[in-house]
Amino acid sequence: MYNENLERWIYSSIANHFVTLISPFIPIQVEGEHKMNEKKDASVEVRMNGPYFVSYSGGDQANIEINLLVTKAQDNQNFYTLQEKIGIARSAFHSRIGLFKYGTGIQDTGVHFGCFVIQYDKGQLIRVDQFGQIGKDTPTLQASVNAKYSFYFKNKNI
Amino acid sequence: MSLLPSHSDLLYTLKFDFGQPAELLKPVAGVTNYQTGALTRGYDRWKIRRVIMLPEKSNRTFIRDLAYLSSSRKFTEGGLFEQDLRDAIIDINDLPNGFIIELDDLLYFGKETYLIKTSQKSEKVGGWLLKLKHVSNMNNDPYSIETL
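Note that the protein sequences, when read in sequence, are chains A and B.
Mapping of the first sequence onto my numbering: residues 6 to 163, in sequence order.
Mapping of the second sequence onto my numbering: residues 111 to 258, in sequence order.
Here's what the structure looks like:
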């Protein structure tokens, strides 16, 4: 069967990719990471669902969905600050995202072992959903940026 | 003669014991430049010497409306934010005659700006009873006193 570290390598590679690209511009956290006490003007949260494994005669495929939740305090100076943040988050969705054996275990060598490739989902490559103000008395705006990726591999044990 | 204090005496006692200075902000003008996104907002301000600020209750919560759930159905966690909720009472006599506190108004207190969730005028008590809310883990710059 599949290497028992695969889910962790996938999650850590995805987290590392988005945190590296977005953190210089917007505070970012990975879902489950506790950073609530920092006061901020805007933030991005990285969430991932999957992998869903599919087996073919020629190999295997791992599919994931990545969702960035962009949160922005309502601004008194500029009306389009949420869209600025969405643009930064969306630009981190590269056509390929490298996979690395991150970690501190015996098999965690740090080597690059493949790439997630962005996939069309119902004709859409990247989907941006703008929710606007999240509650009638909550002066906070939210949007999400979503995309699906697939990773093809031949050796189950990688 | 009743030994119980009147409502106005109670209000006065509460104001004396728990009253703290705060500022009420009422929006009066707003212009948005849709090409540049520049916002111009104007507020009338009333300084109130003694607003009865009741204790603050903080909690962590999330809001997911239908649009969110229809687009990101598989993501059922995250998106948390922290909010502070508290009640306040403002003496009607501390405001101009005929003054009405509306839900678009803001209350600036302790370097934080609170939104007014509900407002209720009580002639019997002689005051406005307000339920206030503040999102505490976001910089509420739109309502930051420095930017108004």
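Note that the Cβ used here is the ideal one computed from N, Cα and C, for glycine as well.
Item: Distance check for A/Gln79 and B/Ala148, CA to CA, integer angstroms please.; Value: 13 Å
Item: Closest to A/Asp65 by CA distance: which of A/Asn8, A/Thr114, A/Val116 is it?; Value: A/Asn8
Item: Between B/Ala148 and chain A, is any beta-carbon pair separated by less than 8 Å?; Value: yes
Item: Give a yes or no on whether 8 Å exceeds the smallest Cβ distance from B/Asp251 to chain A.; Value: Reliability of the predicted coordinates at B/Asp251 is poor, the pLDDT of 47 falling under 50, and no value is obtained from them.
Item: Hey, B/Arg159 and B/Pro115 are a contact pair by Cβ (cut 8 Å); roughly how many whole angstroms apart?; Value: Not quite, the Cβ-Cβ distance comes to about 21 Å (not below 8 Å), so this is no contact.
Item: According to DSSP, simplified to helix, strand and coil, what is A/Val24?; Value: helix
Item: Using a C-beta to C-beta distance shorter than 7 Å, which residues of chain A count as neighbours of B/Thr142?; Value: Phe84
Item: Counting only beta-carbon separations shorter than 8 Å, does B/Gly189 have a partner in chain A?; Value: yes
Item: Taking the DSSP output, what are the residues bridged to B/Trp156?; Value: B/Leu134
Item: Taking one C-beta from the region 140-154 of chain B and one from the region 199-209 of chain B each time, how about it: are there three or more such pairs within less than 8 Å?; Value: no
Item: Looking at the secondary structure, which residues open and close the beta strand (DSSP E) in which A/Ala152 lies?; Value: 143-158
Item: So what's A/Thr114 in DSSP terms, helix, strand or just coil?; Value: coil
Item: List the residues of chain A whose Cβ lies closer than 8 Å to the Cβ of B/Lys243, in chain order.; Value: Asp142, Thr143
Item: Could you please give the first and the last residue of the uninterrupted alpha helix (DSSP H) stretch that includes B/Lys125?; Value: 117-128
Item: Identify the residues that DSSP records as bridge partners of B/Tyr224: which are they?; Value: B/Leu217
Item: Kindly indicate if chain B contains any beta-carbon less than 8 Å away from that of A/Leu74.; Value: yes
Item: Could you check whether the Cβ of B/Lys231 sits closer than 8 Å to any Cβ belonging to chain A?; Value: no
Item: Is there a Cβ from chain B that is less than 8 Å from the Cβ of A/Gln147?; Value: yes
Item: In this structure, how does DSSP classify A/Tyr61 when only helix, strand and coil are distinguished?; Value: coil
Item: Looking at the C-beta of B/Arg151, does it have a partner C-beta in chain A at a distance below 8 Å?; Value: yes
Item: Identify whether B/Thr142 lies in helix, strand or coil by the three-state DSSP scheme.; Value: strand
Item: Is there a C-beta anywhere in chain B that falls below 8 Å from the one on A/Asn68?; Value: no
Item: Can you tell me where the beta strand (DSSP E) with B/Ala198 in it begins and where it stops?; Value: 191-201
Item: Based on the DSSP secondary-structure assignment, which residues constitute the bridge partners of A/Glu70?; Value: A/Asn54, A/Lys153
Item: Tell me the rounded alpha-carbon separation between A/Gly92 and A/Arg132.; Value: 12 Å
Item: For B/Ser232, which residues of its own chain have a beta-carbon under 8 Å away from its beta-carbon, when the five flanking residues on both sides are left out?; Value: Trp238, Leu239
Item: Thinking just about the alpha-carbon of each residue, which of A/Met6, A/Leu11, A/Phe30, A/Glu36 is nearest to the one in A/Ala20?; Value: A/Glu36
Item: For B/Ser246 and B/Lys227, what's the separation of their Cα atoms in angstroms?; Value: 15 Å
Item: Using a Cβ-Cβ distance cut-off of 8 Å, determine whether B/Lys227 contacts chain A.; Value: yes
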